[in-house]
Amino acid sequence: MTGPDAPARGPWRGAARLALVAALAGAAPAMAQDGASPAAGAQAADTPVPPGPTRTTIPAPRPPAEEVVAGLSQDDVAITTSFDGSQILIYGAVKRQTPIPAGPGLGVIVTVEGPSQPVTVRRKERRAGIWINAEQLEIGAAPDFYVVATSAPLDTLLTPESDTQYRISPALAVRSFAGPVEIEDATAFTEALLRLRTEQGRYRVDEGTVRVVEETLFRADVTLPSNLIEGTYKARILLVRGGRVVDVHRAPIEVRKVGLELWLYRLSLEQPFWYGLMSLAIAMVAGWAASTAFRALRRT
Amino acid sequence: MQIYLPIAEVSVDAFMLVALGGVVGLMSGLFGVGGGFLITPLLFFIGIPPAIAVATGANQVVASSFSGVLAHLKRKTVDVRMGVVLLIGGIAGSALGVGVFVLLRRWGQVELVVQLSYVVFLGFIGLTMLRESLGALRASRAAAPPRRRLHAHSWVHRLPWKMKFRASGLYISVIPPLLVGLAVGVLAAIMGVGGGFIMVPAMIYLLGMPTKVVIGTSLFQIAAVSAFTTLMHAVSSNTVDIMLAVLLIVGGVIGAQVGTQWGAKLRAEQLRVLLALLVLAVCGKLAFDLVARPDDLYSLARGQG
């Protein structure tokens, strides 16, 4: 199943060459990424979860010394019947008006976050000799998928404060609870969520997988697993210098079921009765066909 | 070949599902059971969410039992009247079961109840079958079996609302068949099984039906009740995955036909001992899982609990 990533290679080469030329020339052509004009960190209060105070601690907009210009090999992923995961290439360059600053080197962090959904975490307990689900905690919104790719170990790139502010580590991406928390050790439940999702490969930190060339060009290959759910995935590219985030670029990735998958999924939700009847009809026809076919076989 | 299931939202190997359906179909052809009691736990095992496994299992049972009913109707070994009475009970039971299922899902206890039901019923049926078939093996080796009466009269025959069931040669109250149907309907909805393994012994021992119409009538009722259950699950919780069902059915119907042919060549008592051992093995595994300390105490479920 190499189909999906084959076209991914093409744009990378072209765009990278273009970016290289742009960077070397020192000019700053608009790398027309629709709506991608880096908003000078003004919207840096990165809140994946809607409720929450708006942050005003960011200094007034001033063109940053370094801006990120980035593109995606795909901005939509189609879930077809034979969908077997997908690879998205996130590439780009650093745009700057001044020479490369001295001091700590440039780091790049790329995150891709799936749609947030409520999740129920349950804990089993032994009651009367058998293990049953006893306590449960509802987590209001946790991304179904979350991957962080970095150019160096995360703790050397970021200060804990920046990590918290931008919610980069998986542990920080899962934060809100639904309803009153009636359980004393709620952290044990959130830890279990992180651990289980990490075991399933849904939460991942890939340190050192972003390649940075000459502090100017970068590329990251992000693998999306086969058991994706639908929705808008959010990609973020963060430029980091000296533990602080210098610039952020955001881009959506639409993951949609298409064709038969979409049709069946919609039908099952919108016309459940007819969907059920269709399932039955298929079952009956299959049962009838098999018995007829085998009777014919036996006769010959 | 990986295939993405639209409702379960997981990607699985299509050939594995066809093979799984085939193996279960083979069993069902060999032993004359729907095979739902095997397919549902196997689907849990390969990572299909339990609610979807149960609902889709019911859909698969429709295919295998419908194919059987056609054959039996042709041979006139279906007591349609009895089937309809069982069905009335069955549909009420199925509606009740789907309601219970929705509640259990909300409480997060689907798995527990499904597994417990499996352990209790499979254990009971497996042991009964094993004892009975071993006894039959021994008897066939010894002498001619003792002559049995057509059916024994018991408390069942003293209940009101009697009705004639010509194909079965019975004149009994409709209450016991209604109750049997109800119990099987509830099981069908909660466990994703047809309930043949409950129905067949109940028809023989409780209702006293002649063996020749038992299988056909039970398949008639199973096909109808699981069709109703599938529809109810599709409407009330959108948990029928048609793609999964089709793959299982393709394997299942072929396996069932092959199994039927093999079954004709093997000895009935030996088959029953084998089936009893298989049932007990599944039961033992499920019981062990309930009692043993799980690998991980925590589990996740999408959505609000």
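Top to bottom, those sequences are chains A and B.
For what it's worth, my numbering labels the leading residue of the first sequence as 9, then goes sequentially.
For what it's worth, my numbering labels the leading residue of the second sequence as -4, then goes sequentially.
Ideal Cβ positions, reconstructed from N, Cα and C, are used throughout, including at glycine.
Is residue 113(B) close to chain A? Criterion is C-beta to C-beta, closer than 9 angstroms.
As a first step, residue 113(B) must be located in the second sequence, where it is residue number 118. No, residue 113(B) does not count as interfacial toward chain A.
Given residue 222(B) as reference, the closest of 271(A), 291(A), 226(A) once Cα atoms are compared
In the second sequence, the residue the question calls residue 222(B) occupies position 227. Ranking 271(A), 291(A), 226(A) by Cα distance to residue 222(B) puts 291(A) first.
Determine the contact status of residue 156(A) and residue 178(A), defining contact as a CB-CB distance below 9 angstroms.
Here residue 156(A) corresponds to residue number 148 of the first sequence, with the count starting at 1. Here residue 178(A) corresponds to residue number 170 of the first sequence, with the count starting at 1. In this structure, residue 178(A) lies closer than 9 angstroms to residue 156(A) by Cβ.
Cutoff 9 angstroms: residue 182(A) Cβ touching any chain B Cβ:
The count along the first sequence starts at 1 and reaches residue 182(A) at position 174. Not closer than 9 angstroms to any Cβ of chain B, the Cβ of residue 182(A) fails to qualify, so no.
According to DSSP, simplified to helix, strand and coil, what is residue 103(B)?
In the second sequence, the residue the question calls residue 103(B) occupies position 108. In this structure, residue 103(B) counts as coil in the three-state DSSP scheme.
Could you tell me how far apart the beta carbons of residue 85(B) and residue 176(B) are, in whole angstroms, since I believe they sit closer than 8 angstroms?
As a position in the second sequence, residue 85(B) is number 90, starting the count at 1. As a position in the second sequence, residue 176(B) is number 181, starting the count at 1. With 8 angstroms as the limit, residue 85(B) and residue 176(B) qualify as a contact, their Cβ atoms being about 4 angstroms apart.
Tell me the DSSP secondary structure of residue 168(A) in three-state form.
Your numbering for residue 168(A) matches position 160 in the first sequence. Looking at residue 168(A) - three-state DSSP - the assignment turns out to be helix.
Would you say residue 307(A) faces chain B, with C-beta separation under 9 angstroms as the test?
If you number the first sequence from 1, residue 307(A) lands on position 299. No, residue 307(A) lies away from the interface with chain B (no Cβ there is under 9 angstroms from its Cβ).
Give the straight-line distance between the Cα atoms of residue 142(B) and residue 203(B), rounded to the nearest whole angstrom.
Walking along the second sequence from the start, residue 142(B) turns up at place 147. Walking along the second sequence from the start, residue 203(B) turns up at place 208. Its pLDDT being 49, under 50, residue 142(B) is placed unreliably by the model, and the measurement read from it follows with that caveat. One C-alpha to the other measures close to 15 angstroms.
Which chain A residues sit within Cβ distance under 7 angstroms of residue 289(B)?
Your numbering for residue 289(B) matches position 294 in the second sequence. Within 7 angstroms Cβ-Cβ: 132, 139.
Taking just the CA atoms, how far does residue 226(B) sit from residue 35(B)?
Numbered from its first residue, the second sequence carries residue 35(B) at position 40. Numbered from its first residue, the second sequence carries residue 226(B) at position 231. The straight-line gap from Cα to Cα measures roughly 17 angstroms.
Any idea what DSSP makes of residue 83(A), helix, strand or coil?
Locating residue 83(A) in the first sequence gives position 75, counting from the first residue. In the structure shown, residue 83(A) sits in coil (DSSP, three-state: anything other than H, G, I, E or B).
Cα-Cα separation between residue 151(A) and residue 168(A), rounded to whole angstroms
Along the first sequence, one-based indexing puts residue 151(A) at 143. Along the first sequence, one-based indexing puts residue 168(A) at 160. So the two alpha carbons sit approximately 21 angstroms from each other.
Per-residue DSSP class, three states only, for residue 73(A)
The residue given as residue 73(A) occupies position 65 in the first sequence. Here residue 73(A) carries a coil assignment [DSSP, helix/strand/coil].
Taking contact to mean at least 3 C-beta pairs separated by less than 8 angstroms, is the region 116 to 125 of chain B in contact with the region 66 to 79 of chain B?
no
For residue 160(B), name the three-state secondary structure that DSSP assigns.
For the purposes of this step, residue 160(B) is taken as residue 165 along the second sequence, with counting starting at 1. Here residue 160(B) sits in strand by DSSP.
For residue 108(A), which three-state DSSP category applies?
As a working note, residue 108(A) is residue 100 in the first sequence. In the structure shown, residue 108(A) sits in coil (DSSP, three-state: anything other than H, G, I, E or B).
Give me the chain A residues within the contact set of residue 264(B), using Cβ-Cβ distance strictly less than 7 angstroms, ordered along the chain.
What you label residue 264(B) is simply residue 269 of the second sequence in a count that begins at 1. Within 7 angstroms Cβ-Cβ: nothing; residue 264(B) doesn't reach chain A, min ~25 angstroms.
Could you tell me whether any Cβ in chain A is nearer than 9 angstroms to the Cβ of residue 90(B)?
As a first step, residue 90(B) must be located in the second sequence, where it is residue number 95. With 9 angstroms as the cut-off, residue 90(B) does not count as an interface residue toward chain A.
Can you name the residues of chain A whose CB is closer than 7 angstroms to the CB of residue 194(B)?
For this step, residue 194(B) is matched to residue 199 along the second sequence. The premise fails here: residue 194(B) is roughly 18 angstroms from chain A at the closest Cβ pair, so nothing lies under 7 angstroms.
Establish whether the CB of residue 225(B) and some CB of chain A are separated by less than 9 angstroms.
Here residue 225(B) is taken as the residue at index 230 of the second sequence, counted from 1. Yes, residue 225(B) counts as interfacial toward chain A.
If you run the structure through DSSP and keep just helix, strand and coil, what is residue 233(A)?
As a position in the first sequence, residue 233(A) is number 225, starting the count at 1. In this structure, residue 233(A) counts as coil in the three-state DSSP scheme.
Meets three-Cβ-pair contact criterion under 8 angstroms: the region 257 to 266 of chain A and the region 197 to 214 of chain B
Flag = no, the region 257 to 266 of chain A and the region 197 to 214 of chain B do not touch.
Using the DSSP secondary-structure output, state which residues sit across from residue 245(B) in a beta bridge.
Here residue 245(B) refers to the residue found at position 250 when the second sequence is read from its first residue. Answer is none; residue 245(B) lacks a bridge partner.
As a quick exercise: from 178(B), 187(B), 101(B), pick the residue whose alpha carbon is nearest that of residue 195(B).
The count along the second sequence starts at 1 and reaches residue 195(B) at position 200. Per the Cα distances, 178(B).
N-terminal and C-terminal residue of the alpha helix (DSSP H) that residue 246(A) is part of
Numbered from its first residue, the first sequence carries residue 246(A) at position 238. Taken as a continuous stretch (DSSP letters only), residue 246(A) belongs to no alpha helix (DSSP H), being part of the beta strand (DSSP E) at 239 to 249.
Quick one: give me the first and last residue of the alpha helix (DSSP H) that residue 207(B) is part of.
Sequence index remark: in the second sequence, residue 207(B) carries index 212 (1-based). It spans 206 to 232 - the alpha helix (DSSP H) in which residue 207(B) sits, taken as one unbroken run.
Cross-chain neighbours of residue 4(A) in chain B, by beta carbon under 7 angstroms
This structure gives no information on residue 4(A), because the portion of chain A shown stretches from 9 to 308.
Within-9 angstroms CB hit, residue 56(A) to chain B:
By one-based count along the first sequence, residue 56(A) stands at place 48. Interpretation of residue 56(A) is limited by its pLDDT of 46, a score under 50 that renders its predicted location unreliable; no figure is taken from the coordinates.
At the level of alpha carbons, what is the spacing between residue 84(A) and residue 91(A)?
As a first step, residue 84(A) is located in the first sequence; it is residue number 76 there, counting from the start. As a first step, residue 91(A) is located in the first sequence; it is residue number 83 there, counting from the start. The C-alpha of residue 91(A) is placed about 13 angstroms away from the C-alpha of residue 84(A).
Does the separation of the CB atoms of residue 26(B) and residue 247(B) fall below 9 angstroms?
Taking the second sequence and counting its residues from 1, one reaches residue 26(B) at position 31. Taking the second sequence and counting its residues from 1, one reaches residue 247(B) at position 252. Taking 9 angstroms as the Cβ cut-off, residue 26(B) and residue 247(B) do not qualify as a contacting pair.
Taking the straight line between their C-alpha atoms, what separation do you get for residue 40(A) and residue 98(A)?
If you number the first sequence from 1, residue 40(A) lands on position 32. If you number the first sequence from 1, residue 98(A) lands on position 90. Note that residue 40(A) scores 37 on pLDDT, short of 50, meaning its location in the model is unreliable; the coordinates nonetheless yield the value given after this. Straight-line spacing of the CA atoms in residue 40(A) and residue 98(A) works out to 15 angstroms.
Between the Cα of residue 208(A) and those of 115(A), 120(A), 273(A), 154(A), spot the shortest distance and give me the residue it belongs to.
As a first step, residue 208(A) is located in the first sequence; it is residue number 200 there, counting from the start. For residue 208(A), the nearest C-alpha among the options comes from 154(A).
Are there 16 or more other CB atoms within 10 angstroms of the CB of residue 215(B), so buried, or fewer, so exposed?
Along the second sequence, one-based indexing puts residue 215(B) at 220. By the neighbour-count rule (16 or more Cβ atoms within 10 Å), residue 215(B) is buried.
Can you give me, in chain order, the residues of the region 235 to 264 of chain B that have a beta carbon less than 9 angstroms from any beta carbon in chain A?
For the region 235 to 264 of chain B, residues whose beta-carbon sits nearer than 9 angstroms to a beta-carbon of chain A comprise 235, 236, 237, 238, 240, 241, 244, 245, 247, 248, 249, 251, 252, 253, 255, 256.
According to DSSP, what are the bridge partners of residue 144(A)?
Taking the first sequence and counting its residues from 1, one reaches residue 144(A) at position 136. Note: residue 144(A) sits in a beta bridge opposite 130(A).
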